[in-house]
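Asker: Numbering-wise (this note's numbering), the sequence shown opens with residue 2 and increments by one. Think of the CB as a built atom: it goes at the ideal place given N, C-alpha and C, for glycine as much as any other residue. Structure in structure tokens, see below.
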Amino acid sequence: MFYNRFNIVLPLLAMLLSQPATAGPMGFDESFMAMGDFNNNWRESFINYAITPRDAFGVSATYMRADDKSKSRTLEEVTYTRLLKRWNAPHAQANLWFQGGIGALQGEDNLIGENRDFDKVMITPGVQFDYETTRVYFQTAHRLYRASDINHDFTSVRAGFSFYETDYDKTQPWLILEARNMNGLSEKVEITPLLRLINKSFFVEAGVNNSREPRFNFMYIF
Numbered sequence: 002m003f004y005n006r007f008n009i010v011l012p013l014l015a016m017l018l019s020q021p022a023t024a025g026p027m028g029f030d031e032s033f034m035a036m037g038d039f040n041n042n043w044r045e046s047f048i049n050y051a052i053t054p055r056d057a058f059g060v061s062a063t064y065m066r067a068d069d070k071s072k073s074r075t076l077e078e079v080t081y082t083r084l085l086k087r088w089n090a091p092h093a094q095a096n097l098w099f100q101g102g103i104g105a106l107q108g109e110d111n112l113i114g115e116n117r118d119f120d121k122v123m124i125t126p127g128v129q130f131d132y133e134t135t136r137v138y139f140q141t142a143h144r145l146y147r148a149s150d151i152n153h154d155f156t157s158v159r160a161g162f163s164f165y166e167t168d169y170d171k172t173q174p175w176l177i178l179e180a181r182n183m184n185g186l187s188e189k190v191e192i193t194p195l196l197r198l199i200n201k202s203f204f205v206e207a208g209v210n211n212s213r214e215p216r217f218n219f220m221y222i223f
């Protein structure tokens, strides 16, 4: 049943969207989505399963570190994703998402004259808005990372374009520019130009940020 459903859904996606930027944080009904985002100070991986066309549950693991390496955080959480609203146009789509989770936070602070380790419960509610066509892409997100006496709220903005249109079964290159910041761990805004290669149900991204650090991302729906 799952295999037949998969073969039905993919052609429908192809007809509806051709080759979009794939901005959403979940896949189609009864699919899994796996994603990863990796650089020196931020490493996140998660997988979720769509129980309906609008709802997905999953698990996530995130490592966060301050720019000066004085603080580090590790978070393992159970997540929930909800498509709150979708707007469809003939050649475009926009979405409003809720993303949130609750999990165990392990922290380490290595400050002058003070070193401490701690364990806390962290909650991570947030929203994401994205707009995409087969040629342009925009996404903005804000997510709270809160625990007792901890505020590491995360904000990001992304925009990009494809170099040319392709068929659904062809690889399409995109240029993406992202700006992001995490409160309490970084004083600066990280800016990263990324080359994205997308084909059917997966993409990979690679770039170098304004601190000259490499970054790699991926997404796969199955």
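1) Can you check which of these residues, 111, 190, 148 and 113, is closest to residue 125 by C-alpha distance?
2) If you draw a straight line from the alpha carbon of residue 1 to that of residue 97, how long is it in whole angstroms?
3) Can you give the Cα-Cα distance for residue 140 and residue 121, rounded to whole angstroms?
4) So what does residue 61 bridge to, in DSSP terms?
5) Whole angstroms are fine: how far does the CA of residue 49 sit from the CA of residue 30?
6) What does a CB cutoff of less than 6 Å around residue 217 pick up in its chain, not counting 5 residues either side in sequence?
7) Along the chain, which unbroken stretches of the beta strand (DSSP E) at least 3 residues long are found entirely within the stretch 124-201?
8) Can you look up residue 95 in the DSSP assignment and give me helix, strand or coil?
9) Would you mind working out which of 28, 62, 127 and 83 sits nearest residue 46, comparing C-alpha positions?
10) Just to confirm the assignment, what range does the beta strand (DSSP E) spanning residue 38 have?
11) Using only alpha-carbon positions, find the residue among 128, 66 and 81 that is nearest to residue 111.
12) What do you get for residue 152, buried or exposed, if any count of 16 or more other CB atoms within 10 angstroms of its CB means buried?
Answerer: Short version:
1) 148
2) Residue 1 is absent from the structure shown; the chain starts at 2 and stops at 223.
3) Rounded to whole angstroms, residue 140 to residue 121 spans 30 Å at the Cα level.
4) Among the bridge pairs identified by DSSP, residue 61 is matched with 47 and 78.
5) 11 Å
6) Excluding positions up to five away in sequence, the list reads 39 and 207.
7) 127-133, 137-144, 155-163, 173-183 and 191-200
8) If DSSP states are grouped into helix, strand and coil, residue 95 belongs with the strands.
9) 62
10) 33-39
11) 66
12) Flag for residue 152 reads exposed.
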